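Engineer: The following block contains the structure, expressed as structure tokens.
Numbering (this note's numbering), first residue to last: 268 to 474.
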């Protein structure tokens, strides 16, 4: 798959490196792509750095959102013509102390964070994943067969479910399907699955 990584910090950077190692084509992007050269050099496989605009223009199969939550409104509006019918994997979390009133309003509303993202990226097929795992475990525990960790995920439709499950399993984690996007409150900050690094059976027992 061709994967556009939108936001290449701890989560996006490590996921992109893992996916490149697994054989996918990875497009790392940020507002300052010149700062991503070391990330590309340290990646095994096919990876390159570019602007967010170029990543969306590159017609990737899947886009990973790994930006601050407050960027969702602007990204969804700027690139509305580019992500139609694509799979969007939302790895963002709303933190009011970082993201301001917008995040607080989403957390206080009847709609969970992934439903908000799906509403904004309304022509895409949205999934939620990788927002619950600690960054250090994402970096260090991929392909750890001795103590395999599970990643919870949710998806809007069959295409986003299949792509997200494959991308979790391709880097050596177990994928645990939580349900559709209405079920993802359990994955939000301060909720039951947030910050958990556990096995498939332990995770299933928590749902």
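Virtual Cβ for every residue (Gly too), placed ideally from N, Cα, C. Because the structure is a prediction, the values reported are computed rather than measured.
#1: Under three-state DSSP, which class holds residue 268?
#2: Determine whether the beta carbon atoms of residue 333 and residue 276 lie at a separation below 8 Å.
#3: What's the C-alpha gap between residue 371 and residue 391?
#4: Buried or exposed: which applies to residue 472, given that a residue is buried once 16 or more other Cβ atoms fall within 10 Å of its Cβ?
#5: Residue 428: buried (16+ other C-beta within 10 angstroms of its C-beta) or exposed?
#6: Rounded to a whole number of angstroms, what is the C-alpha to C-alpha distance between residue 311 and residue 272?
#7: Is any heavy atom in the ligand MN found nearer than 7 Å to the beta carbon of residue 453?
#8: Using a Cβ-Cβ cutoff of less than 6 Å, which residues in the same chain neighbour residue 456 once the five nearest sequence positions on both sides are dropped?
#9: For residue 406, I'd like the list of residues in its chain whose CB is within less than 7 Å of its CB, leaving aside the five on either flank, ordered along the chain.
#10: Consult DSSP for residue 325 and reduce its assignment to one of helix, strand or coil.
#11: Give me whichever residues DSSP pairs with residue 318 in a beta bridge.
#12: Let me know if residue 353 comes out buried or exposed under the rule of 16 or more other beta-carbons within 10 Å of its beta-carbon.
#13: Going along the chain, which residues of its own chain have a beta-carbon closer than 8 Å to the beta-carbon of residue 270, five neighbours each way excluded?
#14: Rounded to the nearest angstrom, what separates residue 325 and residue 357 at their Cα positions?
#15: Using a Cβ-Cβ cut-off of 6 Å (strictly less than) and excluding sequence neighbours within five positions of residue 363, which residues of its own chain qualify?
#16: Apart from the five residues on each side of it in sequence, which residues of its chain come closer than 8 Å, Cβ to Cβ, to residue 317?
#17: Quick one: grab the DSSP three-state call for residue 279.
#18: Hey, residue 417 and residue 466: beta-carbon distance below 8 Å or not?
#19: Nearest CA to the CA of residue 451: which residue from 411, 436, 341 and 399?
#20: Suppose contacts are defined by Cβ-Cβ distances below 8 Å. Is residue 339 in contact with residue 393 by that definition?
#21: Can you check whether the CB of residue 438 is closer than 8 Å to the CB of residue 289?
Structural biologist: Per the coordinate set shown:
#1: The three-state secondary structure of residue 268, taken from DSSP, is coil.
#2: Taking a C-beta distance under 8 Å as the contact criterion, residue 333 and residue 276 qualify as a contact pair.
#3: Distance between the alpha carbons of residue 371 and residue 391 is about 24 Å.
#4: Around the C-beta of residue 472, fewer than 16 other C-beta atoms lie within 10 Å, and the residue is accordingly described as exposed.
#5: Its Cβ being crowded by 16 or more others within 10 Å, residue 428 is buried.
#6: So the alpha carbons of these two residues sit roughly 16 Å apart.
#7: For the structure depicted, the ligand MN is absent and the ligand set is empty, with no information on it obtainable.
#8: Within the same chain, residue 456 has close Cβ partners 360.
#9: Contacts found: 281.
#10: DSSP places residue 325 outside both helix and strand once states are collapsed to three, so it counts as coil.
#11: Beta-bridge pairing links residue 318 to 297.
#12: Under the 10 Å beta carbon count, residue 353 is surrounded by 16 or more other beta carbons and is classified as buried.
#13: Counting only Cβ-Cβ distances below 8 Å, and skipping sequence neighbours, we find 283, 286, 291, 292, 293, 294, 327, 328, 329, 330, 331 and 434.
#14: Computed Cα separation, rounded: 19 Å.
#15: Around residue 363: 370 and 371.
#16: Within the same chain, residue 317 has close Cβ partners 294, 295, 296, 300 and 325.
#17: DSSP places residue 279 within a helical segment (H, G or I) once states are collapsed to three.
#18: For residue 417 and residue 466, yes; Cβs fall inside 8 Å.
#19: For the residues 411, 436, 341 and 399, the minimum Cα distance to residue 451 belongs to 399.
#20: Taking 8 Å as the cut-off, the beta carbon of residue 339 is found no closer than this to the beta carbon of residue 393.
#21: Yes, they are a contact pair.
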